[in-house]
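Mind the numbering: the sequence shown is residues 421 to 650 in this note's numbering, read in order.
For every residue, glycine included, the Cβ atom is placed at its ideal position computed from N, Cα and C.
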Amino acid sequence: MTTLHVLAFRSDKPEQNLAREEQLLNQAEDKSPALCFYVNRPCVVLGRNNREEQWVHIDALRASGIPLLRRISGGGAVYHDARTLNYGIVLSQKHYSLLNHRRTHIIRFFRQLMIAAMAPAGIELVPARQSDLNLNGRKVGGCAAAIRRSGVLFHGTLLFSVDYDAYERFLPVPPNRPPQLTHRRFVTSLEQEGIHLGMHEVQGLLTASLATKLQQKQVPIGAQPGSSGR
């Protein structure tokens, strides 16, 4: 039995955490699967191919001093803060081949993994649109994937609470969404839905779910972010 390496990034600097995710992917060839968790300080992260002016209120970001970063996967803009849990799953080509090398299979596989992970806590996540996870009809998380020769990175976010004021200040309603679906109507969080799990609890659920799915032994590395239950 090989091992599932679980890493908790201690930094809250988004540029460092995104770089570490990419490094894990670049070094994934012939390595065991890896699962990482991290929490960023306030920032906006945009998919690699989308235009800033369509997805971000750039002037508001600049005035606030909040950084705008690009991730290596696709998708829209996401606001991160201390109540946003980020997770990343890296598989080598050996394990990725189980998914038939199709992006749609990757998204489907890992969204089902998230749904299964949260079910023991009584949280009924539902897949929505291309890459969303919904709770009680509104988005509580999103995901994306990046594919390279070395393997695949699947990463996503889960909202423990949501700062609607920040969303409205920094993110316009995205071009792929009807304008009447404002952030307040479209996005929710665990806290808003009356769910009061700590980040460390969710990390444990996801780790167990992935280890079971891949039939891997778990090898945790380092302290978990949000271990104080934030």
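- Counted as a single uninterrupted DSSP element, the beta strand (DSSP E) harbouring Asn506 occupies residues Thr504 to Ser512.
- Going by beta carbons, Arg440 and Cys456 fall inside the 9 Å limit.
- The three-state secondary structure of Pro453, taken from DSSP, is coil.
- By the CB criterion at 9 Å, Ala536 and Lys451 fall outside the cutoff.
- DSSP, read as helix, strand or coil, puts Asp552 in strand.
- Ala565 sits buried, since 16 or more C-beta atoms from the chains shown fall within 10 Å of its C-beta.
- Distance between Asn437 and Glu472, taken at the CA atoms: about 21 Å.
- Tyr458 is bridged by DSSP to Asn506.
- Rounded to the nearest angstrom, the gap between the Cα atoms of Ile478 and Glu435 is 18 Å.
- Here Leu466 is not near Ala502, since their CB atoms are 9 Å or more apart.
- Look at the region 458 to 498 and you find these whole runs of beta strand (DSSP E), each 3 residues long or longer: 463 to 466 and 488 to 490.
- By the 16-neighbour rule on beta-carbons within 10 angstroms, Val546 is exposed.
- Uninterrupted alpha helix (DSSP H) stretches at least 4 residues long and entirely within the region 547 to 631 occur at 584 to 590 and 603 to 606, given in chain order.
- Between Val560 and Asn506, the gap from beta carbon to beta carbon reaches 9 Å or more.
- Taking a C-beta distance under 9 Å as the contact criterion, Gly508 and Ser551 do not qualify as a contact pair.
- No Cβ-Cβ contact shorter than 9 Å links Leu630 with Met538.
- For Ala541, the three-state secondary structure derived from DSSP is helix.
- Non-local beta-carbon contacts of Tyr499 in its own chain, meaning distances under 7 Å to residues more than five positions away in sequence, involve Val464, Ala586, Tyr587, Phe590 and Leu591 in chain order.
- DSSP places Ala439 inside the alpha helix (DSSP H), whose first and last residues are Pro434 to Asn446.
- By alpha-carbon distance to Glu449, the top candidate from Thr577, Arg568 and His616 is Arg568.
- C-alpha of Val426 to C-alpha of His575: approximately 14 Å in a straight line.
- Around the C-beta of Pro599, fewer than 16 other C-beta atoms lie within 10 Å, and the residue is accordingly described as exposed.
- Using a Cβ distance threshold of 9 Å, Arg468 and Arg482 do not count as a contacting pair.
- Contact check for Ala454 against Val510 passes: the beta carbons are separated by less than 9 Å.
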